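J.: Mind looking over this structure? Questions follow.
Residue numbers (my numbering), protein chains in the order written: chain C, 597 to 1020; chain L, 37 to 300.
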């Protein structure tokens, strides 16, 4: 902290060499690796925590469960954990998107159930090809989202109410679709079930990815640095980037090692992570994502800036429901069945809680796709750990609820701190 | 019209707008030329905001003709107004607090590199723009929520200049500013005029109006109530037009009596 409070060097001859974004005399100079580190520390102290609370929380949760039952960190259990979390995690990606707009979709659980029902009925009962069934289930999701978006845009009804009605309608459709059997099983040898529970990355590919991904990150950031320097802007110190890349590589290699001792990294998990990364890029790096954030921050400003607000709302509702449908497909595939209670109980709330625990604000405009991944890890670590301890469902609900509350409190506190430090 | 009046880049005639039983605008004539600063003044409820919103495409007028750059146009959406080259800085600034300065400057107008946002070019361009306006903003990578009122105004004005507009509308740009910042904004208005832009300045502050405007258009109760060249007028005359001092019973009587007295 002391480094960041020292006044900038008053050297007029150096002015020309100072990057364009660091010329203001009120800026506290933060150059080189030391400057970067202290600036990062100052940012954290001011309440701009990013995903740090979730990561810390996750470490604590894992430490506690490991202390109570070492089997929690066993490779077998970790692989199970990764497989369990994916279907609801995919739902949480969609929730992040609607939350960024400051809206909500309460019907994702029902959509999850309906999509599973459509899948199994078309595939098993009607004997259609698996791809047709999958596409039909995804299309069902897209259509539901389209209807929500049109209702929202046309009548201005709060999304809370629209999707609450949708929850009931979709639940009815789910039960009707499944018919009187109530439960339909998927054949175990179908490619979909195999994909969701039996397909794992080969060792070499998993380790290659664990090394290549940080390298790609490093190269991309170095390229950005180069462009920034060429444009006369400040660049992140190379040491800082290298530290980040090495940390990422170490984390990925350790995770890969732990998973590969058992079955390894499932293709389904890779699909989930890829979806998270793609949505993160879409939110941060595209015009569409910028529009979503702008609308979440100030709809009127976005409208006046010429953003086609209604189109963005529509696209987000469609994406959210489609993600919910994809979650339903993966869920049905993982359990090799769909029934009338699929997507019931706490599915909805787990997905919403995951997004919020991961750090996406309920009030719009603030959050990231990674909160879906981090949040769902927290929720499933808790439920998996408590299940290992043979704790019954009642306690599990209470603990998950308490963690959600804690996450929201941390969010509120850090918001207040950000405001106090001029980073609101 | 004197010969020094530039050719109008934006002109409106017979513009009317009703909200239910309220006639917000009635047969408004308004024009602004390239390199001309026109102040639009009037009391609260005179219809300034409605006229501004009609020009900006937020409201569509019920009747009337709008000509832009010699072409007859219908401005029905803000995007269309922007595409024509009409930039607006609203009184409430319309900034997204959660986005940083760069994000706000380029909102709805992002620079792309392939399919992704080109953050580097946008940041570089932001600094260039802010330096041109000699704006005092410490960092363009902080959320706009943490800027002061004057800094937010600067961001909003800078944003209006990005699309290379032909007409810039400023709604009460100096309302919340300190002395030095007001002077800076007025300098900025003059710089816009030097660049050959038509500037529409909405203001309640007579000294600002007299300091930078070439012409003053007065609205009263939704109608035109005078169009003055600043060089040929004074604050009193404009204030009289704003408040309707020229059209009340006393002045009407005085006007009736004046010819009689001359005769007698």
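Where a beta carbon is used, it is the ideal one built from N, C-alpha and C, also for glycine.
Please read all numbers here as calculations on a predicted model, not as lab measurements.
Which residues in chain L sit within 7 Å of residue 896 of chain C, going by Cβ to Cβ distance?
T.: 130
J.: At a CB-CB cut-off below 8 Å, which residues of chain L make contact with residue 899 of chain C?
T.: 114
J.: Going by Cα to Cα distance, which pick from C/957, C/987 and C/961 is closest to residue 1005 of chain C?
T.: C/957
J.: Which chain C residues sit within Cβ distance under 8 Å of residue 146 of chain L?
T.: 883 and 886
J.: Within 10 angstroms of its Cβ, does residue 650 of chain C collect 16 or more other Cβ (buried), or is it exposed?
T.: By the Cβ neighbour-count rule, residue 650 of chain C is buried, with 16 or more other Cβ atoms within 10 Å of its own.
J.: Does the contact criterion of 3 or more C-beta pairs under 8 Å hold for the segment 928 to 948 of chain C versus the segment 794 to 801 of chain C?
T.: As far as the Cβ criterion goes, the segment 928 to 948 of chain C does not touch the segment 794 to 801 of chain C, which means the pair count is below three.
J.: Count the other C-beta atoms from every protein chain shown that fall within 10 angstroms of the C-beta of residue 775 of chain C, then say buried if there are 16 or more, exposed otherwise.
T.: Looking at its Cβ environment, which holds fewer than 16 other Cβ atoms inside 10 Å, residue 775 of chain C is exposed.
J.: Could you pull out every residue in the same chain whose Cβ sits closer than 6 Å to the Cβ of residue 761 of chain C, ignoring the five residues on either side in sequence?
T.: Within the same chain, residue 761 of chain C has no close Cβ partners at all.
J.: What residues from chain L crowd round residue 617 of chain C, counting only those whose CB sits closer than 8 Å?
T.: 159, 163, 175, 176 and 177
J.: When the cut-off is 9 Å and only beta carbons count, does residue 133 of chain L lie next to chain C?
T.: yes
J.: Let me know if residue 214 of chain L comes out buried or exposed under the rule of 16 or more other beta-carbons within 10 Å of its beta-carbon.
T.: By the neighbour-count rule (16 or more Cβ atoms within 10 Å), residue 214 of chain L is not buried but exposed.
J.: Which residues of chain L have a Cβ atom closer than 8 Å to the Cβ of residue 892 of chain C, listed in chain order?
T.: 134
J.: Can you name the residues of chain C whose CB is closer than 7 Å to the CB of residue 139 of chain L?
T.: 886
J.: Mind listing, in chain order, the continuous alpha helix (DSSP H) runs of no fewer than 4 residues lying wholly within the segment 820 to 867 of chain C?
T.: 834 to 856
J.: Pull up the DSSP beta-bridge partners for residue 67 of chain L, would you.
T.: The partner list for residue 67 of chain L (beta bridge, DSSP) reads L/47.
J.: Looking only at its chain, what residues have a beta carbon closer than 7 Å to the beta carbon of residue 816 of chain C, apart from the 5 residues adjacent to it on each side?
T.: Contacts found: none.
J.: What are the residues of the segment 823 to 850 of chain C that lie near chain L, defined by any Cβ-Cβ distance shorter than 9 Å?
T.: 823, 824, 826, 827, 828 and 829
J.: Compare the C-beta of residue 51 of chain L with all C-beta atoms of chain C and state if any pair is closer than 9 Å.
T.: no
J.: Using the beta-carbon of each residue, which ones in chain C are nearer than 9 Å to residue 197 of chain L?
T.: Neighbours of residue 197 of chain L on chain C: none; closest Cβ ~14 Å, over 9 Å.
J.: If you draw a straight line from the alpha carbon of residue 871 of chain C to that of residue 71 of chain L, how long is it in whole angstroms?
T.: 52 Å
J.: Taking C-alpha atoms, which residue in C/638, C/1013 and C/975 lies nearest to residue 682 of chain C?
T.: Put simply, of C/638, C/1013 and C/975 the residue whose alpha carbon is nearest the alpha carbon of residue 682 of chain C is C/975.
J.: Is there a C-beta anywhere in chain C that falls below 9 Å from the one on residue 251 of chain L?
T.: no
J.: State yes or no: is the C-beta of residue 921 of chain C nearer than 8 Å to some heavy atom of the ligand GDP?
T.: Ligands displayed in this structure: none; no statement on the ligand GDP is therefore possible.
J.: Does the count of Cβ pairs from the segment 153 to 160 of chain L and the segment 817 to 829 of chain C closer than 8 Å reach three?
T.: Under the Cβ criterion (8 Å, minimum of three pairs), the segment 153 to 160 of chain L counts as touching the segment 817 to 829 of chain C.
J.: So what does DSSP say about residue 75 of chain L, is it helix, strand or coil?
T.: strand
J.: Can you tell me which of L/220, L/130, L/86 and L/237 puts its alpha carbon nearest to the alpha carbon of residue 59 of chain L?
T.: L/86
J.: Can you confirm whether the segment 745 to 760 of chain C touches the segment 699 to 716 of chain C when touching is taken to mean that 3 or more C-beta pairs between the two stretches lie within less than 8 Å?
T.: yes
J.: Give the C-beta separation of residue 950 of chain C and residue 684 of chain C to the nearest angstrom, bearing in mind that I take them to be a contact with Cβ-Cβ under 8 Å.
T.: 7 Å
J.: Enumerate in chain order the residues of its own chain whose CB-to-CB distance from residue 675 of chain C is below 6 Å, with the five nearest sequence positions on each side excluded.
T.: Closer than 6 Å at Cβ, skipping near neighbours: 855, 858 and 859.
J.: Taking the Cβ atom as the reference point for each residue, do residue 690 of chain C and residue 960 of chain C lie within a distance shorter than 9 Å?
T.: no
J.: Note down, one range per segment and in chain order, each beta strand (DSSP E) of at least 3 residues found wholly within the segment 753 to 821 of chain C.
T.: Counting only runs of 3 or more, we get 779 to 781.
J.: Can you give me the C-alpha to C-alpha distance between residue 751 of chain C and residue 913 of chain C, rounded to a whole angstrom?
T.: 15 Å
J.: Is residue 94 of chain L close to chain C? Criterion is C-beta to C-beta, closer than 9 Å.
T.: For residue 94 of chain L, the answer is yes, since a Cβ of chain C falls inside 9 Å of its Cβ.
J.: Can you pull the chain L neighbours of residue 961 of chain C, defined as C-beta to C-beta under 9 Å?
T.: Listed along chain L, the residues sitting closer than 9 Å to residue 961 of chain C by beta-carbon distance are 132, 133, 134 and 135.
J.: Distance check for residue 78 of chain L and residue 227 of chain L, CA to CA, integer angstroms please.
T.: Per the coordinates, the alpha-carbon of residue 227 of chain L lies some 25 Å from the alpha-carbon of residue 78 of chain L.
J.: For the segment 211 to 234 of chain L, list every residue whose C-beta sits within 9 Å of some C-beta in chain C, in sequence order.
T.: none
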